[in-house]
Structure formats: C-alpha cells, structure tokens
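Student: Here my numbering is used: the first residue of the sequence shown is 486, the next is one more, and so on.
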Amino acid sequence: MVYLKTEEEIELLRQANLLVGKTLGEIAKIIKPGVTTKQISDLADTFIRDNGAVPTFKGVPNPYGGPFPSAVCCSVNEQVVHGIPNDRVLEDGDIVSVDCGTLLNGFNGDSCYTFCVGEVSDDVKALLKTTKESLYLAIQTAVPGHRLGDIGYAVQSHCEAQGYGVVRELVGHGIGREMHEEPMVPNYGRRGNGMKIVNGLCIAIEPMITMGKHDVYIDNDGWTVITKDGKPAAHFEHTIAIHNGAPDILSSFEEVEAIEEKLY
Ligand code: MG
Ligand code: MG
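(1) So what does DSSP say about Y598, is it helix, strand or coil?
(2) Could you check what DSSP says for K523 in three-state terms: helix, strand or coil?
(3) For D595, is the beta carbon positioned less than 7 Å from some heavy atom of ligand 1?
(4) Is it a yes or a no for the stretch 598-606 touching the stretch 695-707, going by three-plus beta-carbon pairs under 8 Å?
(5) Indicate whether V557 and V574 have their beta-carbon atoms separated by less than 8 Å.
(6) Let me check one thing: in DSSP terms, what residues is S582 bridge-paired to?
(7) Rounded C-beta distance between V651 and I694? I'm assuming under 8 Å.
(8) Given a threshold of 16 other Cβ atoms within 10 Å of its Cβ, counted over all protein chains shown, does A646 qualify as buried or as exposed?
(9) So does the stretch 513-520 actually touch the stretch 554-572, counting three or more Cβ pairs closer than 8 Å?
(10) Rounding to the nearest angstrom, what Cα-Cα distance links E666 and L622 in this structure?
(11) Does F738 come out as helix, strand or coil in the three-state DSSP assignment?
(12) Which residue's Cα is closest to the Cα of D579: L589, N590, C559?
(13) Should the stretch 522-535 be called in touch with the stretch 619-637, which here means at least 3 C-beta pairs below 8 Å?
(14) Give a single yes or no on whether G657 has its beta carbon closer than 7 Å to a heavy atom of ligand 2.
(15) Got a sec: does ligand 1 put a non-hydrogen atom nearer than 7 Å to the Cβ of E663?
(16) Please name the residue in N678, V487, Y549 whose C-alpha comes closest to that of V705.
(17) Do L504 and T587 have their C-beta atoms closer together than 8 Å?
(18) Ordered along the chain, which non-local residues of its own chain (more than five positions away) have a Cβ less than 7 Å from that of D733?
(19) Among G659, A501, D607, which one has its Cα closest to the Cα of T541?
(20) Under a three-way DSSP split, which group does I725 fall into?
(21) Between V710 and N672, how many whole angstroms is the CB-CB distance? I'm expecting something under 8 Å.
Structural data, given as structure tokens:
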C-alpha cells in the first residue's frame with residue numbers, strides 16, 4: 486500500500502529531513518584522517534537528540550544479527566551500506582558513506598552522503614561524482630506521469646555508461662511515518678515500467694554504485710554489505726516529495742557542501 490502525503494505531511498517530512506542535512510553537515514566538519522567511525526556516530530546521536538529527534542537506525546531489528554547498534558551507518562571503501570560504526574580509524578584516501586535517519590514529530594528523515602577522507606584518488610572521486618550525478622538525474626525524472634522504472638533507468642544508464650556497477654540487492658523506498666514504506670525504488674529499470682509517479686508520492690532515492698562488479702555479500706556481523714570484488718562503492722541518498730507536479734528535495738546536502746572543500 487502506497488501512502489500519498491498531504492501538504493502538511495510533506496512539511497513534517499521536510500523538517501525531519503532538514504535535520505538529517507544539518508547532522509551530515511556537522512559530520513562533514515570532523516571527517517579527516519584519524520577520526521573513528523564511532524566518533525562520527527556519537528556526534529550524530531548527540532546532535533539528533535539535542536534537536537528533539539530520535540536517530541531511527543538505532544535498534545532496527547535484523548533476523549541475521551542483533552539490532553543495529555548505532556545512530557548512523559558508516560560504510561568505508563568496499564563497504565556499500567549498513568556499516569556498523571566502531572573503532573576503525575579513517576585513513577587518508579578512504580571514502581566513508583554516512584547514512585543518517587531521524588524521526589521527528591512522527592516523520593522520518595533519510596539521507597546519505599559519501600565523504601572523502603583526506604586526499605582521495607582521482608578514479609574514486611570520479612565514482613563519487615558519477616553516483617551523485619545519477620541521483621540528481623533520477624530526481625529530475627521523478628515527475629507525475631513518469632514511472633518508477635524511469636528513475637531506475639536514469640541511475641543505471643548514467644552509471645553503467647562509465648563502467649560502474651549498480652547494486653541490485655538494495656533499493657530506495659517510500660518514506661513517511663515509517664522509514665521504509667512502499668513502493669520499492671530500484672536503481673535499475675526500464676523506461677515506462679513500474680508504478681506511475683503522482684503528486685503526494687514521497688520516496689528516498691539512493692543509488693549504490695560500485696567501481697567494479699555489482700555483486701555484494703553480507704558480512705558475518707549480519708549487517709555490513711560489501712562488494713564481492715573488494716572495489717570501492719559510493720552511496721548518495723535524498724528524500725523527495727512529488728509536489729505540485731515537480732520533485733521537491735526534502736533532505737539537503739547544502740550544509741555538507743558549504744564546508745566540504747575536498748569535493749570532486
Ligand atoms: Mg538512508
Ligand atoms: Mg533509505
């Protein structure tokens with residue numbers, strides 16, 4: 486069942502998502518070689534609670550392991566998504582995808598940004614650039630009358646043209662009072678296929694793109710998704726609403742990009 490949102494609900498979703506943007510902005514300030522992923526998560530946990538919200542990822546159950554223990558997911562290099570923050574020290578040349586969720590006034594924020602740690606190689610920077618481009622191309626196609634397959638096609642065609650892999654096992658999703666609602670929003674697809682996009686539809690679009698093959702496996706911890714070939718992966722995510730006939734980006738990279746000089 487797909488729940489379409491009212492104007493009021495979209496504004497509540499926006500508040501939750503703007504807080505995710507601010508949280509990612511705070512994280513951007515501390516990311517450098519020597520920082521641990523646990524420090525990133527602790528900062529997010531405190532910042533989200535200080536702003537009257539709850540970090541939604543903490544405690545998410547998992548049939549293959551224990552509940553997720555931390556406020557954010559930190560996935561380093563060949564880790565695609567769902568990395569558990571720990572004492573791993575980030576090193577010069579690493580990339581780290583920080584996926585953040587908030588629950589504020591009953592609505593969910595969900596957004597992810599892949600950060601560079603120190604000086605990152607040009608080929609990895611190109612992966613990040615293409616992945617982020619594919620997110621915005623997908624958002625542009627999210628207009629009433631198009632279909633979910635158009636979104637997937639936008640991501641897949643852009644990334645595969647550069648020789649990158651599109652992860653199949655994980656997808657974007659509807660979002661609202663629940664972090665994960667219907668419909669599923671794959672990062673691959675055929676134009677003109679799938680559910681029709683309509684006003685009031687609120688979805689998280691989140692390309693997960695690999696430098697090599699798209700195959701992944703789940704680590705023994707039951708959470709961390711890792712590329713089989715060990716090549717790096719990027720993950721960018723925005724929550725959007727289809728609103729007045731156009732995509733409206735509810736989350737924000739502005740705070741990150743205002744201070745993220747090490748851009749690509
Ligand atoms: Mg997310
Ligand atoms: Mg998501």
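Even glycine gets a Cβ: it sits at the ideal position worked out from N, Cα and C.
Tutor: Taking the coordinates as given:
(1) Numbered from its first residue, the sequence shown carries residue 598 at position 113. Reduced to three states, the DSSP call for Y598 is strand.
(2) Reading the sequence shown from its first residue, position 38 is the one you call residue 523. Reduced to three states, the DSSP call for K523 is helix.
(3) On the sequence shown, position 110 is the one that residue 595 refers to. Yes, since a heavy atom of ligand 1 falls inside the 7 Å radius drawn around the Cβ of D595.
(4) no
(5) Residue numbering aside, residue 557 sits at position 72 when the sequence shown is read from its first letter. Residue numbering aside, residue 574 sits at position 89 when the sequence shown is read from its first letter. Contact flag unset, no.
(6) Residue mapping note: residue 582 aligns to position 97 of the sequence shown, counting from 1. Per DSSP, S560, T599.
(7) Within the sequence shown, the letter at position 166 stands for residue 651. Within the sequence shown, the letter at position 209 stands for residue 694. So it is a contact: roughly 6 Å between Cβ atoms.
(8) Taking the sequence shown and counting its residues from 1, one reaches residue 646 at position 161. So A646 ends up on the exposed side.
(9) no
(10) Taking the sequence shown and counting its residues from 1, one reaches residue 666 at position 181. Taking the sequence shown and counting its residues from 1, one reaches residue 622 at position 137. Distance between the alpha carbons of E666 and L622 is about 23 Å.
(11) As a position in the sequence shown, residue 738 is number 253, starting the count at 1. DSSP places F738 in coil when its eight states are reduced to three.
(12) On the sequence shown, position 94 is the one that residue 579 refers to. When only C-alpha atoms are compared, the closest one is C559.
(13) no
(14) Position 172 of the sequence shown, counted from the start, is the residue given in the question as residue 657. Yes, since a heavy atom of ligand 2 falls inside the 7 Å radius drawn around the Cβ of G657.
(15) Along the sequence shown, read from residue 1 onward, the residue named residue 663 stands at position 178. Result no, Cβ not under 7 Å from ligand 1.
(16) Numbered from 1 along the sequence shown, position 220 holds the residue referred to as residue 705. At residue 705 the sequence reads Asn, which differs from the Val that was named. It is Y549 whose Cα lies nearest to the Cα of N705.
(17) Stepping through the sequence shown from its first residue, residue 504 is reached at position 19. Stepping through the sequence shown from its first residue, residue 587 is reached at position 102. Yes, the pair counts as a contact, with Cβ atoms nearer than the cut-off.
(18) As a first step, residue 733 is located in the sequence shown; it is residue number 248 there, counting from the start. Once the five neighbours on either side are set aside, the close Cβ partners of D733 are I725, A726.
(19) Taking the sequence shown and counting its residues from 1, one reaches residue 541 at position 56. When each option's Cα is compared against that of T541, the closest is A501.
(20) Taking the sequence shown and counting its residues from 1, one reaches residue 725 at position 240. Note: I725 maps to strand in three-state DSSP.
(21) Your numbering for residue 710 matches position 225 in the sequence shown. Your numbering for residue 672 matches position 187 in the sequence shown. Actually they do not touch by this definition, with Cβ atoms about 14 Å apart.
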